[in-house]
C-alpha cells in the first residue's frame, strides 16, 4: 500500500501567476481533501473531492479550484497568486470504513509567492 | 461555526514527567475528534481518535462533552514524543467531511 504523494515539494512563484499542485491518493482511497497551512497555524480546509466531484468547500475564493481524476489523483490550481497564498499546501486522501472517515496526509508542497 | 482551541503554543516537560496537551472545541452537534502529530521532517499523521478509545504510544484522550474538551495525556513523557500536536474535529455532512484543526502545540521533552 503506497502513501499519499505530492509534487512538487517546493515552488516559488511571483504575484499574479498561476500554480498547479498535484496529489496522488493512497491506494484504495476515493476522496481527496486539500488544506492550506500558513506559518504557525493549523491546516485550513480548502475543498474536498469525491469521485471526481467537488464535495464541500471551505472559506477560499474561486481562484482556488481543483480537479480529481478517474484514478483519484487530484490537482489544486490557484490563479492570480497573492503574497498571502504563501503556505504549505497539504493533500489528504481518505476512505470511509464502518461509517468512519480517516484522512491520511501527504508531505505537502511549500509555495512561496514573491 | 465549529472551532478548535489549543491554548498552549509550546509545552516543555522533563523526560518521565506527565504530559497533558489541552484541546477545547465548540460545535453544536456531536463531533468526532482526533489528535494528529507531526514529528520533525515528517508528514502529519493520525495519532488517535476518540471513537477508538485506544492508547497509542502511551497517549490517551477522553472526550468530555460537558467541558467540550479532548485533552491528550501521557503519564511519562519520552524524548521521542517531542513533536507538534494538532487537535482536530471532523463534521460529517452531506457537503464534504472537513477537518477543523487547532493551531497546534509544540511539545518539547527535555532530558
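Chains as they are written, first to last, in this note's numbering: chain W, 209 to 322; chain U, 479 to 589. Cβ coordinates follow ideal geometry from the N, Cα and C atoms, glycine included.
Inset, instruction - Enumerate in chain order the residues of its own chain whose CB-to-CB distance from residue 491 of chain U is below 8 Å, with the five nearest sequence positions on each side excluded. - result: Closer than 8 Å at the Cβ level, and outside the excluded window around residue 491 of chain U, lie 497, 555, 585, 586, 587, 588.
Inset, instruction - Taking a Cβ distance cut-off of 9 Å, strictly less, list which residues of the region 279-310 of chain W are near chain U, in chain order. - result: Residues of the region 279-310 of chain W with a C-beta atom less than 9 Å from some C-beta of chain U are 298, 300, 302, 304, 307, 308, 309, 310, listed in chain order.
Inset, instruction - Measure how close the beta-carbons of residue 493 of chain U and residue 558 of chain U come, nearest whole angstrom, since I'm counting them as under 8 Å. - result: 10 Å between Cβ atoms; not a contact.
Inset, instruction - Taking residue 231 of chain W as part of the beta strand (DSSP E), name the residues at either end of that continuous run. - result: 227-232
Inset, instruction - Give a yes or no on whether 8 Å exceeds the smallest Cβ distance from residue 226 of chain W to chain U. - result: no
Legend entry - Secondary structure of residue 499 of chain U, DSSP reduced to three states: Strand at residue 499 of chain U.
Legend entry - Contact belief for residue 489 of chain U with residue 499 of chain U at Cβ below 8 Å, rounded distance in angstroms: Separation of the CB atoms of residue 489 of chain U and residue 499 of chain U is rounded to 6 Å, and the pair is thereby assigned contact status at 8 Å.
Inset, instruction - With DSSP collapsed to three states, give me the class of residue 284 of chain W. - result: strand
Legend entry - Beta-bridge pairing of residue 539 of chain U - partner residues as DSSP gives them: U:550
Legend entry - Beta-carbon proximity of residue 298 of chain W to residue 243 of chain W, cut-off 8 Å: For the 8 Å CB-CB criterion, residue 298 of chain W and residue 243 of chain W form a contact.
Legend entry - Interfacial residues, the region 240-252 of chain W to chain U, with Cβ spacing under 9 Å: 241, 243, 245, 248, 249, 250, 251, 252
Legend entry - Alpha carbon of residue 507 of chain U to alpha carbon of residue 222 of chain W, nearest angstrom: 42 Å
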